[in-house]
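A.B. asks: In the working numbering, the protein residues as written are 4 to 734.
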Amino acid sequence: GLEEGAKSQFSTFSNFITTINQKKEGIGNRNSPTQLVIPNIKNEGRELTPLCLDVRQKQRVSADTLPQELTAPFPPEPSLPTRTKTVKDFQDDMEKSKASGDWKAVHNFYSTTFDSFLEINAAFKKDTNSPFNTIEDSGIDAKFVNVVYDALLNTPQDVQKSVLKGIINGLLQEWTGPRTKDDLRAYCILLQNPQFSNTSTYVIYAHLLRQIAALTEADHHFLVHWSKKISQKRFKQVVDRLLQFISLRLFPAKPEEFPPMVKCTWWIPSATKVLALFNAANSLISPPIISYTDFYNSTLDHIDLMEEYHNWQCYGNSHRFSFCQYPFIISIAAKKVIIQRDSEQQMISIARQSLVDKVSRRQKPDMNMLFLNVKVRRTHLVSDSLDELARKKADLKKKLKVTFVGEAGLDMGGLTKEWFLLLIRQIFHPDYGMFTYHKDSQCHWFSSFKCDNYSEFRLVGALMGLAVYNSITLDIRFPPCCYKKLLSPPIVPCDHNTLVGICGVTLDDLFQIMPELAHGLSELLSYEGNVEEDFYSTFQVFQEEFGVIKSYNLKPNGDKIPVTNRNRKEYVQLYVDFLLNRSIYKQFAAFYYGFHSVCASYALLLLRPEEVEILVCGSPELDMSALQRSTQYEGYQKNDLTIRYFWDVVLGFSLDLQKKLLHFATGSDRVPVGGMADLNFKISKSETSTNWLPVAHTCFNQLCLPPYKNKKELKQKLIIGISNAEGFGLE
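#1: For the 8 Å Cβ check, are there 3 or more pairs between the segment 569–576 and the segment 527–535?
#2: Apply the 10 Å Cβ neighbour rule to MET309 and answer buried if 16 or more other Cβ atoms are within range, or exposed otherwise.
#3: Can you list the beta strand (DSSP E) stretches of 3 or more residues lying completely in the segment 320–395, in chain order?
#4: Can you name, in chain order, every residue of its own chain whose Cβ lies under 6 Å from the Cβ of ALA629, other than the five neighbours on each side?
#5: Compare the beta carbon distance of GLY507 and GLY597 with 9 Å and say whether it is the shorter of the two.
#6: DSSP three-state call for TYR636: helix, strand or coil?
#7: Measure the C-alpha to C-alpha separation of PHE542 and ASP562 and round it to an integer number of angstroms.
#8: Suppose contacts are defined by Cβ-Cβ distances below 9 Å. Is ARG673 in contact with THR439 by that definition?
#9: Is the number of C-beta pairs between the segment 518–531 and the segment 575–592 that are closer than 8 Å three or more?
#10: Using a Cβ-Cβ distance cut-off of 9 Å, determine whether THR268 contacts chain C.
#11: Put PHE431 into one of helix, strand or coil per three-state DSSP.
#12: Please report how far the alpha carbon of LEU721 lies from the alpha carbon of LYS453, in whole angstroms.
#13: What would DSSP say about PHE542, mapped onto helix, strand or coil?
#14: If distances are taken between C-alpha atoms only, which option among ARG611, VAL544, VAL405 and ILE479 comes closest to PRO493?
#15: Does the distance from the CB of LEU83 to the CB of LEU121 come in under 9 Å?
#16: Quick one: is THR158 buried, meaning 16 or more other Cβ sit within 10 Å of its Cβ, or exposed?
#17: Rounded to whole angstroms, what's the CA-CA distance from ILE723 to LEU696? Just pull it up for me.
#18: List the DSSP bridge partners of TRP422.
#19: Please return the same chain residues whose Cβ sits closer than 7 Å to the Cβ of LEU389, not counting the five positions on each side in sequence.
#20: Going by C-alpha to C-alpha distance, which of ALA216, PRO330 and SER294 sits closest to LYS276?
#21: Go to GLN195, then tell me how far its beta strand (DSSP E) extends in each direction, as first and last residue.
#22: Below 8 Å CB to CB, which residues in the same chain sit around ILE505 once its five sequence neighbours on both sides are set aside?
#23: Can you have a look at GLY638 and say buried or exposed, based on whether 16 or more other CB atoms are within 10 angstroms of its CB?
#24: Decide yes or no for the touch test of the segment 414–434 against the segment 470–486: beta carbon pairs closer than 8 Å, at least 3 of them.
#25: So, with DSSP's three-state summary, where would you put ASN556?
#26: Can you pull the DSSP bridge partners for SER622?
#27: Please confirm if the segment 295–302 is in contact with the segment 246–266, defined as three or more CB-CB distances below 8 Å between the two stretches.
#28: Using the beta-carbon count (16 or more within 10 Å), is HIS599 buried or exposed?
#29: How about VAL471 and CYS327: do their beta carbons lie closer than 9 Å?
#30: Just to confirm, is the Cβ distance from MET350 to LYS401 under 9 Å?
#31: Report the CB separation of ALA336 from VAL676 in whole angstroms; it is logged as a contact under 8 Å.
#32: Between ASN285, VAL241 and SER451, which has its C-alpha nearest GLU547's C-alpha?
#33: What residues match up with CYS497 in a beta bridge as DSSP calls it?
#34: Hey, LEU226 and LEU280 are a contact pair by Cβ (cut 8 Å); roughly how many whole angstroms apart?
#35: If we call anything under 9 Å between Cβ atoms a contact, is CYS191 one with SER230?
#36: Alpha carbon to alpha carbon, how far is PHE248 from ILE725?
The following block contains the structure:
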């Protein structure tokens, strides 16, 4: 938007701000919340009200919770100037200015409108006589705001400069008491200013963000609820602008454009805290306004993530700023790096302790003691695996190595991958009875059958934890609700009487598992007739267990309480809670403790349920073109005839055959967090007869391909190879 010629003007603004603040400091030790330069910059994290609760807390507070401050009387709103210009009037002025070249009327409008917070409200408040002091309605004429901002970047430079000068005047205003709702409206409007996409405005933008970040919790509450009413397009623009501001402050293209980092360490914390407001607003809407991944800042992938993580572990939210306080901004790829390195450090620590214990007892060290060694027979895969894991609980945090009895394969990753794949396939088979497969939703859920021993569920949880701990993706079909329960709470409570794996569930969660039943309950909620007389139901649920129908009360004396039009919402909620929480509590609690026995780490606090699912399962979406672009070659060139045949065949495969190829070459048919490029897939030339089938080294994600003479022969041999891909051997 702004031209080179504007830079000197902005420099003047910056000097102007500094001069005023120096004068303020000379008057006395007044720490006004609107002061634009605060001497004690290092302690900014303490001064600003946290917008994101410490993720170490076991219970998360809902953004809907009304802060105590809201019960206080509102400060009186000052009377607003009368402004009568409408959207049409403004658009007419713009057309006349473009046609005549005389921008005086437009210049006057912009310079007046943005000269103060009162003028902003006078121009953009829907009704200047109404207070609009509730979270439901901000009172902002969004259409007028959008039209004015859309036109702003097409006006002459002096018009744009007048807007920025007015914003500075508003930011320099002294406040002697709490902010009014008109002030909050002005902040909400100013955040949408497209001029702040230009780096030359960043000094002004930073001070705007600082003031918003320093508002009270009650004021933040209003901004969160008002922000969720912004259109998707504008909402995304504000989020992108904040992310760009953080990125360019971290890695400026032209460092001379900004003040030295030591003088503005508060820039990034302020922007991140304001971004947290928009993240909170986004989470209040179902479906959300934008995807949670739109809050990721990939620039953070290139900073010292472990230093951020350790700062957060050591100081929490009380002292030093860390991006880990605001995990929504950290990408899943970056979180995976943190989890992997944290896991590696735990592995090294456990292995070192085992070595020290051995030496202290004057026993000869054995390299096997540094690993979790699992030895299984293919014919008794499940029982052997569960026995091994049960016997070696103390070794679960060591590096995993798998041996198949009677096979000569050496585990450099490939055997481990296949062990997980085959084991998961057998454990989740319906005949095994631990999990029920729902065809409609194509996912598994925990069997509610009662049993004497739930240790197998604990071991399945440990198995899933081992996969995350050892960076293995699993082909598991759990619904999203499972991962939400797995993080409830994300850290195992010290009090063993505390309930675990219990989370708030809704009809939407049930739809993802049992869509037909959920649809029936939804029909009950919308039924217009007499529910009690027509359905004749009580607060009971019936389940078949081993051929016997058993009944369970959803509440005390539920069998005597009829379901009516008035209490049907309660009935549906209790029904859903029974199916997803109460009826499987012991099974899921064992599963929860098993998972956390391996993955106990503060790094889990950084994850959303959706991100846990991606870490466990990877992504089922295959992009073979992306794999082609990232593939490395050994003995071949990418333009060789055999390689061209190969990709012609693979890109023409069905999804099922593509998954078989991926499983054949890598040991898993899922895509890791970083995408196909993270597979480091390699095709090597096999100097063998073309009568041979392709061979794979799954430890290295390597496919050995003979130089087949034509495409038909290559396709035939490749399909035979990938369709018969179990078992390992050494040549």
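From the three backbone atoms N, C-alpha and C, an ideal C-beta is built for every residue, glycine too.
C.D. replies: Looking at the coordinates:
#1: yes
#2: exposed
#3: 374–379
#4: MET679
#5: no
#6: strand
#7: 6 Å
#8: no
#9: yes
#10: Within the model displayed, chain C is absent; a lone protein chain is all it includes.
#11: The answer is coil: DSSP assigns PHE431 none of H, G, I, E or B.
#12: 47 Å
#13: coil
#14: Of the candidates ARG611, VAL544, VAL405 and ILE479, the one whose C-alpha sits nearest the C-alpha of PRO493 is ARG611.
#15: yes
#16: buried
#17: 8 Å
#18: According to DSSP, which records beta bridges pairwise, TRP422 is partnered with nothing at all.
#19: GLU459 and LEU462
#20: ALA216
#21: First-last for GLN195: undefined, no H or E at that position.
#22: LYS488, SER491, ASN584 and TYR588
#23: exposed
#24: yes
#25: Strand.
#26: VAL674
#27: Judged by pairs of C-beta atoms under 8 Å, the segment 295–302 touches the segment 246–266, as three or more such pairs exist.
#28: buried
#29: Not in contact: VAL471 and CYS327 (Cβ atoms no closer than 9 Å).
#30: yes
#31: 6 Å
#32: SER451
#33: None, per the DSSP bridge assignment.
#34: 6 Å
#35: yes
#36: C-alpha separation (whole angstroms): 48 Å.
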